[in-house]
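One structure below.
In the UniProt record's numbering, the protein residues as written are 1 to 390.
The structure is reproduced here in structure tokens:
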């Protein structure tokens, strides 16, 4: 059951623990929102708490799922809601912590950390703070709220105009990610370099890198060592350039091979400008190798511009989930269109059946009157024949 909710007054000290500055707004993901970005718009700074121009509305039914990631570790004290004082206000909220796999397909099989009964509609227009059991929320990286429905028995739309969190934020400290490469090597320097698996090895300490470039000949391999904790992702964006003209070329392909403890775990091939994505399934040292395949002169150097983005899967997940949500909305819209088409076809078949029945009745009447007319003509002919003979 829930703790007792409290109404927040206007005192300045009330927002001392307001966590808006520590929320990763770009990573917020909402399921079943009417328009994309609605879920993000209701997470507001304290100064905009009374704004009701930006609201979240559910789409196909009265349920909503909001995934909210933080930029560090949070000890959660409470969450804050403001809705409209009518039956579109949510009735119950289930809270999940540090889960990145929740959607409408999986949420039914998961047990929430806490379930909270929300205030009645007549009080929902106030800014309501719902305390949580703080002993369960000591190290939150993200929070997922599942609003199971609203107070109405007829309306399928849930509306929320403010969502906020209160608690204590601390910086997320991680082991440093180590990448090995040269920022801008001279092609001639590679002649005397030691190699690992036939590729030159370069080194740099990095957390998130900026773009850099290096030069390769066709079939020459360059490898990078990267030590990754479990659950980290790498997005590598690369562009292949002809050194002579510095133009993007599709004549040169790049094979990206990733090894973990000497075992190949990924093998991708791209051309021109592209990207690769890799997620570590365990803490280990990974070797990322690049090899050029070119139709140009085999001795000619190709410039490879490379940009690494390294981070937690939860951060990158926000972009993926937005795409999945968009696809889900498209699927729901297509299903609705299919339903409407089937309904129209059913109505057309019923009208065709009704028309066929009326047509058969009309044809039967025409045939009956035709037989009556023929009978009268036949009788008249016989009568005239007998009468004339007499």
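Glycine is no exception: its CB is placed at the ideal position from the N, C-alpha and C atoms.
On a predicted model such as this, the values are computed, not experimentally measured, just so you know.
Which partner residues does residue i have in the DSSP bridge list?
i	result
residue 301	In DSSP, residue 301 forms no bridge with anything.
residue 393	An answer regarding residue 393 cannot be provided, because it is not within the stretch 1 to 390 covered by the chain.
residue 271	253
residue 162	82
residue 123	In DSSP, residue 123 forms no bridge with anything.
residue 145	66, 95
residue 406	Residue 406 lies beyond the residue range present for the chain, which begins at 1 and ends at 390; the question has no answer from this structure.
residue 134	According to DSSP, which records beta bridges pairwise, residue 134 is partnered with nothing at all.
residue 410	Residue 410 lies beyond the range of the chain shown here (1 to 390); nothing can be said about it.
residue 114	95
residue 263	260
residue 18	166
residue 239	273, 305
Taking the beta carbon of residue i as the centre, do at least 16 other beta carbons fall within 10 Å, making it buried, or is it exposed?
i	result
residue 68	buried
residue 323	exposed
residue 374	exposed
residue 232	buried
residue 327	exposed
residue 104	exposed
residue 358	exposed
residue 184	With a pLDDT of 42 at residue 184, under the threshold of 50, the modelled position of this residue cannot be trusted, and the question is left open.
residue 364	exposed
residue 192	Since pLDDT at residue 192 reaches only 34, below the 50 mark, its modelled position is unreliable, and the value read off the structure follows with that caveat. Exposed: under 16 other Cβ atoms inside 10 Å.
residue 280	buried
residue 210	Because the pLDDT at residue 210 is just 49, under 50, the model does not fix this residue reliably, and the value given afterwards should be weighed accordingly. Burial call: exposed.
residue 383	exposed
residue 165	buried
residue 32	buried
residue 389	exposed
residue 139	exposed
residue 372	exposed
residue 41	buried
residue 387	exposed
residue 378	exposed
residue 385	exposed
residue 286	buried
residue 341	exposed
residue 70	buried
residue 360	exposed
residue 263	exposed
residue 366	exposed
residue 21	exposed
When the Cα of residue i is compared with those of the options, which residue comes out closest?
i	options	result
residue 217	230, 236, 231, 254	254
residue 102	222, 30, 260	30
residue 98	356, 141, 331, 110	141
residue 55	382, 334, 160	160
residue 62	148, 284, 51	148
residue 236	278, 106, 229	278
residue 45	70, 110, 18	18
residue 282	292, 259, 302	259
residue 408	388, 58, 96	The chain is shown from 1 up to 390; residue 408 falls before or after that span and cannot be answered.
residue 88	157, 47, 71	157
residue 135	74, 356, 162, 219	74
residue 39	162, 356, 378	162
residue 100	21, 366, 28	28
residue 144	111, 354, 169	111
residue 269	263, 290, 146	290
residue 169	48, 153, 137	137
residue 65	71, 51, 106	106
residue 34	76, 333, 212, 23	333
residue 238	49, 212, 219, 305	305
residue 302	47, 213, 122, 360	213
residue 241	292, 263, 167	292
> Touch check for the stretch 76-87 and the stretch 111-130: three-plus C-beta pairs under 8 Å?
Replying inline: Pairwise C-beta distances place the stretch 76-87 in contact with the stretch 111-130, as three or more of them are shorter than 8 Å.
>> Going residue by residue through the stretch 20-99, where are the continuous alpha helix (DSSP H) segments of at least 4 residues, counting only ones entirely within it?
In response: If we require 4 residues or more, the alpha helix (DSSP H) runs fully inside the stretch 20-99 come out as 38-41.
>> So within the stretch 326-389, which uninterrupted alpha helix (DSSP H) runs reach at least 4 residues, ignoring any that extend past its ends?
In response: Qualifying alpha helix (DSSP H) stretches: none in this window.
> Is the number of C-beta pairs between the stretch 267-274 and the stretch 328-345 that are closer than 8 Å three or more?
Replying inline: No: fewer than three Cβ pairs fall under 8 Å.
> Counting pairs of beta carbons, one from the stretch 85-93 and one from the stretch 108-117, are three or more of them closer than 8 Å?
Replying inline: They touch, by the three-pair rule.
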